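Visitor: Going from the sequence shown to the numbering used here is simple: count from 1 and add 273.
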Amino acid sequence: MAISAHHGTPDTTGERYAHVIVIGAGLSGIAAAVKLRRAGITDLLVLEKADRVGGTWRENTYPGCAVDIPSPIYSFSFNPNPEWSRNFVGQAELLSYIEDTVEKFRLTAALRPNTELLEAAWSEERRRWVLETSRGRFVAQHVVFASGLLHEPVVPALPGLADFPGETFHSARWNHDVDLTGKRVAVIGTGCSAVQIVPEIQPLVDRLYVFQRTPAWVLPRLDFRVPRPVRRLFRAVPPAQRLFRGACDVSLRLLGLVMRRARVARLLTPVGKRFLELQVPDPELRARLTPDFTIGCKRLLLSNTYLRAVSRLNVRLVPSALAAFDGGELIAANGERVEADVVVFGSGFEMRHPPIAERIRGRDGRLLSEVWSVDSPEAYRATTLPAIPNAYLLLGPNIVMYHSLLSLAEAQLDYIADAIRTARTRDIEVLEIRPEPFRAFNDEVQRGLSSTVYNTGGCSSVYLDEKGKNFVTWPWSARRLRGELARFDIENYEITAGER
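Put into structure tokens, the structure is as follows:
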């Protein structure tokens, strides 16, 4: 849904003020607008750098792109969708749902498209956030940063890449003008995107080379088409759909419980190995696809088709990272060479140095990226930061778990709405987490993570920084996280009263 100029083109000549400004109109940004409005916070704007809503589901259009969490729970709690066609819907259907949500909740007037944040700086003098954007200056009392985790694609700077004569692109920037039919294609990486892409393009290409630095555990995806009678039931009896959503929630909580402890997660190893045996008959290939770390150490991949696709005659698994290019050849770290016409990078996203951190300047004048370059990304309850008052991160550090990230963002929004309401009713201008509870919370998180499969499972993952510190995952249950975020704990914040 392109946002009309009537609602979205701001006056570029002066400052525009809103009590709350949300950065980003992806799933979490749309959730922020709805939930804050429902909490009585109606003076808000949503700034979006693109001309459409959708975030990662607008950007990612690669073949096979779909959710990897069941659709009933990978959706807004306030806008259940009885019309999901599958248990795991594709990108186009989810994007349509996001656009429909914007229309249903009349958010268009609050959206400012084509408005990229250049810098958000806290003004100590004004006790406000001053936001410089591509469409002028905005000022806000509170800012919610909803730019998402999967924002900045990573393409490794490899020797010879610039001289490669064929086509190259990242999976998140899929080039639909490139016809893969009959081509020699290399897919770099075997993460969440790659396991969806490979089965889709394998029947089209002449040769497919899959570069695998390390194998990943793949389990079946419990996907199915939702029968029409079930959809009719969900439309007619909304509690039935809520019950199904609740069942999905419980199943993910159980999976999270299993995944948190390495000794428990190992119980799934026979399941993973048996699935490999059923999908990959060649024992040599199967050995190359078998991980040597505990299930859950890296993100678990769900696919019913990836392993079978890798077994096809026109597919070659290269069990190594890509190291360099030599003309039209790709050179693996193990010395293997292959020729390709097209290279697709499924090399993930920047998580250690999120781009939004380079655009947030706190009370002390330091960029958040400067703070996080010294210490790994940290936040209080994944949401607030010292020296960065009246600001809230959605899906901040140490929040990821085996659950719907949207559900977790909604829990954060309950906390944020409570904070902003509290400030308004008590005539508080500035809220800032105190250093002591901030430090105590993050130390407790690291102690909790020390015995989890994420830290002890025997793999090298994006969850850990160069020093081995986990800055991505949550060590406990979704229930505990929701409990932590159920009430705004003003006693842990420095407050500055408004001037009457």
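A virtual CB, placed ideally from N, CA and C, is assigned to each residue, including glycine. Note that this is a predicted model, so its numbers are computed, not measured.
List the residues that DSSP assigns as beta-bridge partners of H415.
Guide: Against the sequence shown, residue 415 aligns to sequence position 142. V293.
Visitor: So what does DSSP say about L423, is it helix, strand or coil?
Guide: Your numbering for residue 423 matches position 150 in the sequence shown. In the structure shown, L423 sits in coil (DSSP, three-state: anything other than H, G, I, E or B).
Visitor: Can you tell me which of the three DSSP states L580 falls into?
Guide: The sequence position of residue 580 within the sequence shown is 307, counting from 1. Helix.
Visitor: To which residues of the same chain is V616 closer than 6 angstroms at the C-beta, ignoring the five residues directly before and after it?
Guide: Looking up residue 616 in the sequence shown gives position 343. Around V616: T441 and A459.
Visitor: I'd like to know whether the C-beta atoms of G669 and P650 end up nearer to each other than 9 angstroms.
Guide: The residue given as residue 669 occupies position 396 in the sequence shown. The residue given as residue 650 occupies position 377 in the sequence shown. Yes, these two residues count as a Cβ contact at 9 angstroms.
Visitor: Checking 9 angstroms against the spacing of the C-beta atoms, do G569 and L541 come in under that value?
Guide: The residue given as residue 569 occupies position 296 in the sequence shown. The residue given as residue 541 occupies position 268 in the sequence shown. Yes, they are a contact pair.
Visitor: Tell me whether L551 is buried or exposed, calling it buried when 16 or more other Cβ atoms sit within 10 Å of its Cβ.
Guide: Here residue 551 corresponds to residue number 278 of the sequence shown, with the count starting at 1. Per the 10 Å Cβ criterion, exposed.
Visitor: Using beta-carbon positions only, say whether F744 and R654 come within less than 9 angstroms of one another.
Guide: Here the question's residue 744 lines up with position 471 in the sequence shown. Here the question's residue 654 lines up with position 381 in the sequence shown. No.
Visitor: Candidates S680, I701 and G741: which alpha carbon is nearest S301's?
Guide: Working through the sequence shown from its first residue, we reach residue 301 at position 28. Here the closest residue by C-alpha is S680.
Visitor: In or out: P345 buried (at least 16 other Cβ within 10 Å) or exposed?
Guide: Within the sequence shown, the letter at position 72 stands for residue 345. The residue in question, P345, is buried, as its Cβ has 16 or more Cβ neighbours within 10 Å.
Visitor: Identify whether E631 lies in helix, strand or coil by the three-state DSSP scheme.
Guide: In the sequence shown, residue 631 corresponds to position 358, counting from 1. Looking at E631 - three-state DSSP - the assignment turns out to be helix.
Visitor: Taking 8 angstroms as the cut-off, does the region 680-690 touch the region 305-312 (at least 3 CB pairs, one atom from each stretch)?
Guide: Yes: the two stretches touch, three or more of their Cβ pairs being nearer than 8 angstroms.
Visitor: In three-state terms, what does DSSP make of S750?
Guide: As a working mapping, residue 750 is identified with position 477 in the sequence shown. Here S750 sits in coil by DSSP.
Visitor: Verify whether the separation of the beta carbon atoms of P592 and N607 is less than 9 angstroms.
Guide: Taking the first residue of the sequence shown as 1, we reach residue 592 at position 319. Taking the first residue of the sequence shown as 1, we reach residue 607 at position 334. In contact: P592 and N607 (Cβ atoms closer than 9 angstroms).
Visitor: Thinking L320 and L390 are a contact (beta carbons under 8 angstroms), I'd like their distance in whole angstroms, please.
Guide: Taking the sequence shown and counting its residues from 1, one reaches residue 320 at position 47. Taking the sequence shown and counting its residues from 1, one reaches residue 390 at position 117. Yes, they are in contact, since the Cβ atoms of L320 and L390 sit about 6 angstroms apart, within 8 angstroms.
Visitor: If contacts are defined as beta-carbon pairs under 8 angstroms, then R707 and N671 qualify, I think. What distance do you get, rounded to the angstrom?
Guide: Against the sequence shown, residue 707 aligns to sequence position 434. Against the sequence shown, residue 671 aligns to sequence position 398. Contact doesn't hold; Cβ gap of about 19 angstroms is too wide.
Visitor: Using a threshold of 9 angstroms, state whether the C-beta atoms of G328 and G297 are closer than that.
Guide: Indexing the sequence shown from 1 puts residue 328 at position 55. Indexing the sequence shown from 1 puts residue 297 at position 24. Yes, the pair counts as a contact, with Cβ atoms nearer than the cut-off.
Visitor: Closer than 8 angstroms is the cut-off here; do at least three beta carbon pairs connect the region 387-402 with the region 627-640?
Guide: Cβ pair count under 8 angstroms is three or more, so yes.
Visitor: Can you give me the start and stop residues for the beta strand (DSSP E) that L495 sits inside?
Guide: Against the sequence shown, residue 495 aligns to sequence position 222. Careful: L495 lies outside any beta strand (DSSP E) and carries neither H nor E.
Visitor: Whose CA, out of A430, G299 and W490, lies closest to the CA of P386?
Guide: The count along the sequence shown starts at 1 and reaches residue 386 at position 113. Minimum Cα distance to P386 is reached at G299.
Visitor: Enumerate in chain order the residues of its own chain whose CB-to-CB distance from A419 is below 7 angstroms, with the five nearest sequence positions on each side excluded.
Guide: Taking the sequence shown and counting its residues from 1, the one referred to as residue 419 is at position 146. Taken in chain order, the residues that qualify are V295, I296, G297, G299, S301, G302, A305 and L667.
Visitor: Touch check for the region 556-564 and the region 500-514: three-plus C-beta pairs under 8 angstroms?
Guide: No contact exists between the region 556-564 and the region 500-514.
Visitor: Quick one: grab the DSSP three-state call for T441.
Guide: Taking the sequence shown and counting its residues from 1, one reaches residue 441 at position 168. DSSP places T441 in strand when its eight states are reduced to three.
Visitor: Locate the alpha helix (DSSP H) running through S680, then write down its first and last residues.
Guide: As a first step, residue 680 must be located in the sequence shown, where it is residue number 407. That run of the alpha helix (DSSP H) goes L678 to T698.
Visitor: Measure the CB-CB distance between R486 and E702 and report whether it falls below 9 angstroms.
Guide: Here the question's residue 486 lines up with position 213 in the sequence shown. Here the question's residue 702 lines up with position 429 in the sequence shown. Contact: no.
Visitor: Roughly how many angstroms separate the alpha carbons of V553 and F484, rounded to a whole number?
Guide: Position 280 of the sequence shown, counted from the first residue, corresponds to residue 553. Position 211 of the sequence shown, counted from the first residue, corresponds to residue 484. Taking the straight line joining both Cα atoms gives about 17 angstroms.
Visitor: Following the continuous alpha helix (DSSP H) through V726, name the residue where it begins and the one where it ends.
Guide: The residue labelled residue 726 in the question sits at position 453 within the sequence shown. Counting along the chain, the alpha helix (DSSP H) containing V726 begins and ends at V726 to T729.
Visitor: Straight-line CA distance for A513 to A596?
Guide: Locating residue 513 in the sequence shown gives position 240, where the first residue counts as 1. Locating residue 596 in the sequence shown gives position 323, where the first residue counts as 1. Going from the Cα of A513 to the Cα of A596 covers about 52 angstroms.
Visitor: Is S277 buried or exposed, if buried means 16 or more other CB atoms sit within 10 Å of its CB?
Guide: Mapped onto the sequence shown, residue 277 falls at position 4. For S277, the predicted model reports a pLDDT of 36, less than 50, meaning its position is unreliable and no value from the coordinates is stated.
Visitor: What does the alpha-carbon distance come out to for the pair R547 and E757?
Guide: The residue you call residue 547 lines up with position 274 of the sequence shown. The residue you call residue 757 lines up with position 484 of the sequence shown. Approximately 39 angstroms, taken between the alpha carbons.
Visitor: Helix, strand or coil for M274 per DSSP?
Guide: On the sequence shown, residue 274 is found 1 positions in, with the first residue counted as 1. With a pLDDT of 48 at M274, under the threshold of 50, the predicted position of this residue should be treated as unreliable, and no value is reported.
Visitor: Would you mind working out which of V427, H449 and V326 sits nearest H626, comparing C-alpha positions?
Guide: On the sequence shown, residue 626 is found 353 positions in, with the first residue counted as 1. Closest option to H626, Cα to Cα, is V427.
Visitor: Under 7 angstroms Cβ to Cβ from T466, same chain only, skipping five residues before and after it: list those, please.
Guide: Against the sequence shown, residue 466 aligns to sequence position 193. Just to set this straight, residue 466 is Ser in the shown sequence, not Thr. Excluding residues within five positions, the ones whose Cβ falls inside 7 angstroms are Y335, S444 and G619.
Visitor: Run through DSSP, which three-state label would F618 get?
Guide: Locating residue 618 in the sequence shown gives position 345, counting from the first residue. F618 falls in the strand class under three-state DSSP.
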